[in-house]
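Heads up, the thing below is written out as structure tokens.
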């Protein structure tokens, strides 16, 4: 079963606009990661945020984590056509020592030139 | 690039056949996880190998099996292929095998079962 769920399922914006994707999960976690996937190829790691962190930045990416609401958001600022991809959040389970990740179904982001 | 490689890139098999997929982990990584991603879905965990031992398994039947070699490369074997096994198979490597580690994914093998 899916632990995480991304929202919206699809997002279409113009270049230069900001894109916000949300992720909700069901059980307490150690960490949450965001990945990008281009055209059904391999996953590219974007950011890992730990359960004791609230916000992280990496270039044009900003990730927030609210453990009380069991949710996270990924903000991509000043989007580019090259950002067109599927974005997945992936979580583990709190207390788990196994590096197993649970993925949602992803958000398909399309950035129009 | 993540340094994780997979072969072959694409594969077509018929129902009932057996398939072997291969993964070379990133240098210095001793843990490999395998995931199955059906069309339109997120990846689902199959199993993980840490230092040549199976370290955890998802909800997949025993006809999905694996190996990890002393150089930490890995194989995924699927016997008695079914149509629903058609998917993208991803491997990911990490150091240490435990939670909280960034997993680095390969480009995947796309398997089509006819």
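Chains as they are written, first to last, in the working numbering: chain A, 36 to 148; chain B, 24 to 137.
Glycine included, every Cβ here is placed at the ideal spot set by N, Cα and C.
- For residue 135(B), same chain residues with a beta-carbon under 8 angstroms away, outside a window of 5 residues either side, are 33, 34, 35, 36, 109 in chain order.
- Going by DSSP, residue 48(A) is part of the beta strand (DSSP E) stretching over 45-49.
- Taken through DSSP and simplified to helix, strand or coil, residue 101(A) comes out as strand.
- Annotation: residue 129(A) is outside any beta strand (DSSP E) and is labelled neither H nor E by DSSP.
- Residues of the same chain with a CB within less than 6 angstroms of the CB of residue 63(A), apart from the 5 flanking positions on each side, are 129 in chain order.
- In the pairwise beta carbon analysis, the stretch 98-111 of chain A is classified as not touching the stretch 38-54 of chain B: fewer than three pairs are separated by under 8 angstroms.
- The Cβ-Cβ distance between residue 127(B) and residue 55(B) does not fall below 8 angstroms.
- If you check each beta-carbon in the stretch 77-107 of chain B against every beta-carbon of chain A, the ones closer than 8 angstroms belong to 78, 79, 81.
- In this structure, DSSP gives residue 54(A) an extended state, which the three-state scheme calls strand.
- The beta carbons of residue 111(B) and residue 89(B) sit about 17 angstroms from each other, so the pair does not count as a contact at 8 angstroms.
- Note that the C-beta distance between residue 135(A) and residue 83(B) is not below 8 angstroms.
- At a C-beta separation below 7 angstroms, residue 124(B) has these neighbours in chain A: 134.
- Look at residue 140(A): its C-beta is under 8 angstroms from a C-beta on chain B.
- Ranked by Cα distance from residue 111(A), the options 95(A), 119(A), 74(A) are led by 95(A).
- Using a 10 angstroms sphere on the CB of residue 65(B), the tally of other CB atoms reaches 16 or more, which defines it as buried.
- Residue 103(B) carries a coil assignment under DSSP once its states are collapsed to helix, strand and coil.
- Annotation for residue 137(B): 37 place their beta carbon closer than 6 angstroms to its own, counting only its chain and skipping 5 residues before and after.
- Here residue 93(B) really is in contact with residue 75(B); their C-beta atoms are around 7 angstroms apart, less than 8 angstroms.
- With 16 or more other Cβ atoms from the protein chains shown falling within 10 Å of its own Cβ, residue 68(A) counts as buried.
- Shortest Cα-Cα distance from residue 127(A) to any of 63(B), 125(B), 62(B), 116(B) involves 125(B).
- Taking residue 106(B) as reference, the option from 49(B), 30(B), 40(B) with the minimal CA-CA separation is 40(B).
- Taking the CA atoms as reference points, residue 113(B) sits about 30 angstroms from residue 50(A).
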